[in-house]
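Asks:
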Amino acid sequence: MSAENQKLKIKLEKKDEKTKDALTRKQEVEEILNQSQKQITTLKNELSTLKEEASKNITFSGTYLLNKKNFEDIVHELSSLRSQSRTLHSIYFNMNARISDFDFGDFIDENCMHLFDQIKSNHGKVLFYDENHCISLAIVPPFRIKRSDWITGDLLDTGPLETMLTCEPVICVVHAHAGSTVVAIIKKDDIR
């Protein structure tokens, strides 16, 4: 019995030793994991800071607010452009579209697309682009773009913008003050 007890004692000591080794390894792994998590958190914070700084540094040259007449003129001018080599791109994004929805490849300059991606709009946005870098024009239209599309051809597709220009604007004015509310609907013909 004593020999059997001795064997059991040795087995128990070995198991205790293995348990201690396993606990030591577990603590080492937990330490490494904690350090890695701290590094990940630090890198995420640095990335967030860099993104904020980069977005502050983005500037757009030649930014203009257009009245209806100027908008009509620009749309007319754009629709008159032609390219024999079919390098003209018309890109319409509705408000939910993302650049990743399309595979622009090498057709459109990456920097141009990055800037275009920075434009925020509740109506969507339009990019007219020429592969020869003659035209790079982004427009935020006055009305919603219904569907996203990418058209390449020998002319710029201004059809959706021309359709917007034919819309009859109706303005709803709500004036609420001291318990009374006035609602007015104004049509284009009523504005003088």
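Take the sequence shown: its letters are residues 181 to 372, numbered as in this note's numbering. Each residue gets a CB set at the ideal place from its N, CA and C atoms; glycine is no exception. Since this is a predicted model, take the numbers as computed values, not measurements.
If you draw a straight line from the C-alpha of residue 336 to the C-alpha of residue 354, how long is it?
Replies: As a working note, residue 336 is residue 156 in the sequence shown. As a working note, residue 354 is residue 174 in the sequence shown. Straight across, the Cα-Cα distance linking residue 336 with residue 354 is about 39 angstroms.
Asks: At what residue ranges does the region 189 to 273 contain a whole run of the beta strand (DSSP E), taking only runs of 3 or more?
Replies: 268 to 273
Asks: Determine whether the beta carbon atoms of residue 273 and residue 216 lie at a separation below 7 angstroms.
Replies: Against the sequence shown, residue 273 aligns to sequence position 93. Against the sequence shown, residue 216 aligns to sequence position 36. For residue 273 and residue 216, no; Cβs fall outside 7 angstroms.
Asks: Is DSSP giving residue 336 helix, strand or coil here?
Replies: Taking the first residue of the sequence shown as 1, we reach residue 336 at position 156. If DSSP states are grouped into helix, strand and coil, residue 336 belongs with coil.
Asks: Taking residue 343 as the reference, which of 251, 183 and 189 has the closest Cα?
Replies: Stepping through the sequence shown from its first residue, residue 343 is reached at position 163. Ranking the options by Cα distance to residue 343, first place goes to 251.
Asks: Tell me whether the beta-carbon of residue 330 lies closer than 7 angstroms to the beta-carbon of residue 296.
Replies: Looking up residue 330 in the sequence shown gives position 150. Looking up residue 296 in the sequence shown gives position 116. No, the Cβ-Cβ distance between residue 330 and residue 296 is not below 7 angstroms.
Asks: Kindly list the residues whose CB is nearer than 6 angstroms to the CB of residue 338, restricted to its own chain and excluding five residues on each side of it in sequence; keep chain order.
Replies: Numbered from 1 along the sequence shown, position 158 holds the residue referred to as residue 338. Closer than 6 angstroms at the Cβ level, and outside the excluded window around residue 338, lie 255, 258 and 259.
Asks: Looking at the structure shown, is residue 282 part of a helix, part of a strand, or coil, going by DSSP?
Replies: Position 102 of the sequence shown, counted from the start, is the residue given in the question as residue 282. In this structure, residue 282 counts as coil in the three-state DSSP scheme.
Asks: For residue 301, which of helix, strand or coil comes out of DSSP?
Replies: Mapped onto the sequence shown, residue 301 falls at position 121. Looking at residue 301 - three-state DSSP - the assignment turns out to be coil, as it is neither helix nor strand.
Asks: Assuming residue 263 and residue 310 make a contact with CB atoms under 8 angstroms, what is their CB distance in whole Å?
Replies: Locating residue 263 in the sequence shown gives position 83, where the first residue counts as 1. Locating residue 310 in the sequence shown gives position 130, where the first residue counts as 1. Contact flag correct, Cβ pair sits at about 7 angstroms.
Asks: Among residues of its own chain, excluding the 5 on either side of residue 345, which ones have a beta-carbon nearer than 8 angstroms to its beta-carbon?
Replies: Taking the sequence shown and counting its residues from 1, one reaches residue 345 at position 165. Excluding positions up to five away in sequence, the list reads 248, 251, 252 and 255.
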